[in-house]
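**Student:** Just add 803 to wherever you are in the sequence shown, counting from 1, and you've got my numbering. Yeah, the Cβ is synthetic: ideal placement off N, Cα and C, and Gly gets one too. Bear in mind the structure is a predicted one, so any value in this text is a computation, not a measurement. Once you've had a glance at the structure underneath, I'll fire off some questions.
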Amino acid sequence: MTILTSRTGSIEFGPGLPTLLINDQLRVIDQSPEVLAELQEGRLDRILELARFGHRVGVDAVDILVNHPGLDEVVLLPRIAVAVHDEIGCPVSLDSRNPAALEAALAALRPYKVLINSVSAETASLERLLPLAARYGAAVVGMPIGHIHGMPKTVEGRLAEARVILEAAGRHGIPREDVVIDALCLASSAEPGSMRVTLDTLCALHKELGVATILGIGNAGYGMPDPTRIDLAYLLAAVPWGLDAALVDPATPGLIESARAVDFLVGNDPYGKRYIQHFRAKK
């Protein structure tokens, strides 16, 4: 079980628990020129509205990515992270590989426990980012790529890369429950049949390594018409195989209702308490 905290309390996710849904739309690199211009002027209005929208819809946390050549990530990442946290009070995922920007944001969000997204199995990534996670008590997303197999196309390759990350985390004093492994959701339009490998990887990560899992669901429908429908189908298929957390687009039609329903059906939400709670809130 992995725990994240914020000013409104803590949230737990992992095997047997409801799926953690993380708003992936605060990716500055994907924003319109108007949003970028606003950020360059020091205004956060539209970014905060994206966070508020996800919160209204019902997602659990927010992922913040500021990597853009026209912006100072060291200044902007902590500013956006604190503003979002103050505004809606949810747990925060810091989507950065920049140690200076990460440390600034981690310090600004202290004493809350955040998620660092992500650390690859490459030695340089592990040595740059794991000490920060250990120092600030953060959880980390491990991307099982880069040390042995590059981008592994097999379950065994992904598990091997995941073990590299877990061993390095252990050496830095990061407990296993604070390492969440990404099972790698690839675009099926470019990698036909890759979903089955991902599903098998989710299952193996639970059974063989005993870690929580995550996927960037937005990759699933890339290059296809109406991609969020494919993303949602991928999410619903993955939960029974061991998916614990997902980066999602809150604007996906039926996202929250469907995610709550599948959690109920597979036993992650006994008696459908969260499903009923969401239904009543909508009414």
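Identify every residue that forms a DSSP beta bridge with Asn826.
**Tutor:** Bridge partners of Asn826: Val865 and Val1051.
**Student:** Considering Leu905, what are the terminal residues of the alpha helix (DSSP H) in which it resides?
**Tutor:** Taken as a continuous stretch (DSSP letters only), the alpha helix (DSSP H) holding Leu905 covers Pro902 to Leu912.
**Student:** Run through the segment 932-1016 for me and flag every whole beta strand (DSSP E) of 3 or more residues, listed as ranges in chain order.
**Tutor:** The qualifying runs are 942-946 and 982-985.
**Student:** Quickly, what does DSSP pair Leu897 with across the bridge? List them, please.
**Tutor:** Its beta-bridge partners are Ile867 and Ile919.
**Student:** Suppose you measure from the CA of Ile1033 to the CA of Ile1020; what does that come to, to the nearest Å?
**Tutor:** Ile1033 and Ile1020: Cα-Cα distance of roughly 9 Å.
**Student:** To the nearest angstrom, how far is the alpha carbon of Ile951 from that of Glu964?
**Tutor:** So the alpha carbons of these two residues sit roughly 7 Å apart.
**Student:** Here's a check: name, in chain order, each residue in its chain whose Cβ is nearer than 6 Å to the Cβ of Leu1002, leaving out the five neighbours to either side.
**Tutor:** The residues are Trp1044.
**Student:** For Ser835 and Tyr1074, what's the separation of their Cα atoms in angstroms?
**Tutor:** Their Cα atoms are separated by approximately 42 Å.
**Student:** Contact between the segment 883-903 and the segment 860-875 is defined here as three or more beta-carbon pairs at a separation below 8 Å; is this criterion met?
**Tutor:** Cβ pair count under 8 Å is three or more, so yes.
**Student:** Thinking just about the alpha-carbon of each residue, which of Phe1082, Phe1067, Asp848 and Lys1086 is nearest to the one in Gly819?
**Tutor:** Nearest of Phe1082, Phe1067, Asp848 and Lys1086 to Gly819, Cα basis: Phe1067.
**Student:** May I ask you to verify whether the segment 839-853 touches the segment 873-887, counting CB pairs closer than 8 Å and requiring at least 3?
**Tutor:** Because the criterion of three Cβ pairs below 8 Å is met, the segment 839-853 and the segment 873-887 touch.
**Student:** Can you round the beta-carbon distance between Ser992 and Tyr915 to whole angstroms, since I take them to be within the 8 Å contact cut?
**Tutor:** 38 Å between Cβ atoms; not a contact.
**Student:** Use the C-beta contact count for Pro821: other C-beta atoms within 10 angstroms, 16 or more gives buried, fewer gives exposed.
**Tutor:** Burial call: buried.
**Student:** Using the three-state DSSP reduction, which class does Leu1018 fall into: helix, strand or coil?
**Tutor:** Leu1018 falls in the strand class under three-state DSSP.
**Student:** Measuring straight from C-alpha to C-alpha, what distance separates Ile883 and Val838?
**Tutor:** So the two alpha carbons sit approximately 13 Å from each other.
**Student:** When you compare each of Arg913, Asp1072 and Cys988 to Ala1023 by their alpha carbons, which one comes out closest?
**Tutor:** It is Cys988.
**Student:** Would you mind stating whether Ile825 and Glu815 have Cβ atoms separated by less than 9 Å?
**Tutor:** Not a contact, by the Cβ cut-off of 9 Å.
**Student:** For Ala907 and Val878, what's the separation of their Cα atoms in angstroms?
**Tutor:** Distance between the alpha carbons of Ala907 and Val878: 8 Å.
**Student:** Can you tell me the Cβ-Cβ gap for Gly945 and Asp981, rounded? I've got them flagged as a contact below 8 Å.
**Tutor:** Actually they are not in contact, since the Cβ atoms of Gly945 and Asp981 sit about 10 Å apart, beyond 8 Å.
**Student:** Kindly identify the DSSP beta-bridge partner or partners of Leu1068.
**Tutor:** In DSSP, Leu1068 forms no bridge with anything.
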